[in-house]
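Residue numbers (this note's numbering): 2 to 353.
Glycine included, each C-beta is placed from N, C-alpha and C at the ideal position.
The structure presented is a predicted model; accordingly, all values stated were derived computationally and were not measured.
Notes for the one structure printed next.
Take a look at the structure:
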C-alpha cells in the first residue's frame, strides 16, 4: 500500500494496464505511482496538487494518448465537453469552412472541449439541427452561421439557456455573442474602388436573399456608394452566391454578352468570383480592361488566378478563434454584451 499526495486513504492494488486497451485514469495512476484521485485532480489542475505532480501526470497523459471518457464526464459533471459548429452544406468552398474549423480548433485545443460539425441543407429547416443538439444534450455550446435579422435559432437558444455564438448579427433586440465581418463597409469600399477606376454601371453578386442579415448589410453599403458616386446599378438576376458555379459562369456569359452589361462588379465570394471571371472571359471580355471585378476572399487565391481582380481579405480563421472564445466565455457565464466583435475591411488590403 502507498499514500499519495491529495489522497485521504491509502491506495490499494492499482492494476497494471492491459496492452491495447484504452488508457484510463487507472493507467496513468499505475505509471505515475499515484492514486486515481490524485491523477484526476492533477489533470483538472487542482490547486491542492503540487506543480511537479501535475506536470508529471499531464506528461504521461499526453504520451499515452489519454482522453476523458465523455459518457463518464457527462455523468459526473452534466457536461459533454463538446462544442457543435452548425454549418449549411453549401458554405463557401474556398476556405471558409476549413479555416473556420481551424480557428475554432486552435482555441479548443487548449481546453477540455472537442469540436463536432453538424451540417444541414439550406433547403431544410435550419431549426432542425439546433433542436436535435438541445434535445439530446449533445453539446455544451453551439456556433452557427447565416444569421437572419429575426433568427428563430437565436430566440430558441436564448429561451432554453444554451450558450451559443453566431457568425453574423441579428436585428431582433436580443443581446447574444457574435463575430461578424463588416459587409456594409466591404460593399461600400468595393464600389468606391470601381468608381475610382471610372466604372459607372455597377452590379453585385450578393447573398441568397434578404432573409440573411449580411445580404442587407451588403446592399446598404452598395446602394449608398452607388448613390454618392452618381453611378447606376445593373441587376444580376437568377444567380447568387448559393447558385452552382456552373450556373453562375453560364449566366454571367449571358449578362456580359448583352448591350446593357455592367462595367464593374462586386462579388462577396471567392469561389463565385472565379465562376464570374470564366463567364466574363467566355463573352470575350477582359478583366481589368472591359470590366473590373472586386471580390472578398477567405484564402489568398484570387490574386494568383487573375492579378487584375481587386481583393478584400476576410480572415475566417480569426473569426473562428473569436467565436470559440465567445462561446467558451458564455459557458463560463460572461455577459453576452461583452462577447460581440467585428472585423473590418482595410482599404490597405486592396490588391490589384
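query                                                                                                                                              : result
Which whole runs of the beta strand (DSSP E) in the stretch 295-335 are 3 residues long or more, in chain order?                                   : 311-314
Give the straight-line distance between the Cα atoms of residue 48 and residue 64, rounded to the nearest whole angstrom.                          : 23 Å
Reducing DSSP to helix, strand and coil, say where residue 35 ends up.                                                                             : coil
Considering only C-alpha positions, which residue in the set 165, 104 and 254 is nearest to residue 333?                                           : 165
Pick helix, strand or coil for residue 259, following the three-state DSSP scheme.                                                                 : coil
Which partner residues of residue 161 appear in the DSSP bridge assignment?                                                                        : Looking at the DSSP assignment, residue 161 forms no beta bridge with any residue, so it has no partner.
Going straight from the alpha carbon of residue 243 to that of residue 347, what length do you get?                                                : 26 Å
Closest to residue 241 by C-alpha separation, out of 259, 266 and 228, would be which residue?                                                     : 266
If you reduce the DSSP assignment to three classes, tell me which class residue 89 lands in.                                                       : strand
From this set, 176, 227, 186 and 237, which residue's C-alpha is nearest residue 337's C-alpha?                                                    : 176
Does the beta-carbon of residue 125 have 16 or more other beta-carbons within 10 angstroms, so that it is buried, or is it exposed?                : exposed
Residues in its own chain within less than 7 Å of residue 281 by CB, not counting five upstream and five downstream?                               : 253, 257, 288 and 292
What's the C-alpha gap between residue 230 and residue 193?                                                                                        : 8 Å
Does the stretch 167-176 touch the stretch 185-192, meaning 3 or more C-beta pairs lie closer than 8 Å?                                            : no
Between residue 159 and residue 213, is the Cβ-Cβ spacing less than 9 Å?                                                                           : no
Is residue 104 near residue 319, with beta carbons less than 9 Å apart?                                                                            : yes
Looking at the unbroken alpha helix (DSSP H) that takes in residue 104, where does it start and where does it end?                                 : 97-109
For residue 67, report the span of its beta strand (DSSP E) as first-last.                                                                         : Unbroken run through residue 67: none, as it is neither H nor E.
Assign residue 321 to buried or exposed, taking buried as 16 or more other Cβ atoms, counted over all protein chains shown, within 10 Å of its Cβ. : buried
Taking the alpha helix (DSSP H) that residue 200 falls in, what are its first and last residues?                                                   : Neither: residue 200 is in no alpha helix (DSSP H) and is coded neither H nor E.
Return the first residue and the last residue of the alpha helix (DSSP H) that residue 133 is part of.                                             : 128-137
What's the C-alpha gap between residue 38 and residue 45?                                                                                          : 11 Å
Can you tell which of 174, 329 and 316 has the C-alpha that lies nearest to the C-alpha of residue 182?                                            : 316
Please name the residue in 335, 328, 135 and 206 whose C-alpha comes closest to that of residue 115.                                               : 328
Less than 7 Å between C-beta atoms, sequence neighbours within five positions excluded: which residues of the same chain meet that for residue 33? : 40, 57, 58 and 61
Roughly how many angstroms separate the alpha carbons of residue 221 and residue 234, rounded to a whole number?                                   : 13 Å
To the nearest whole angstrom, what separates the beta carbons of residue 294 and residue 274, a pair I think is in contact under 8 Å?             : 6 Å
Among the candidates 102, 153, 186 and 31, whose CA atom is the shortest distance from the CA of residue 1?                                        : In this structure the chain extends from 2 to 353, so residue 1 is not present and cannot be described.
May I ask you to list the residues that DSSP assigns as paired with residue 121?                                                                   : 89
Comparing alpha-carbon positions, which option in 140, 97 and 136 lies nearest residue 81?                                                         : 140
Quick one: is residue 208 buried, meaning 16 or more other Cβ sit within 10 Å of its Cβ, or exposed?                                               : buried
Below 6 Å CB to CB, which residues in the same chain sit around residue 283 once its five sequence neighbours on both sides are set aside?         : 254
So the candidates are 260, 203, 216 and 300; which of them puts its Cα closest to the Cα of residue 237?                                           : 203
With 16 as the cutoff for other CB atoms within 10 Å, does residue 343 come out buried or exposed?                                                 : exposed
If I follow the unbroken beta strand (DSSP E) through residue 267, where does it start and stop?                                                   : 265-268
When you compare each of 219, 211 and 226 to residue 200 by their alpha carbons, which one comes out closest?                                      : 226
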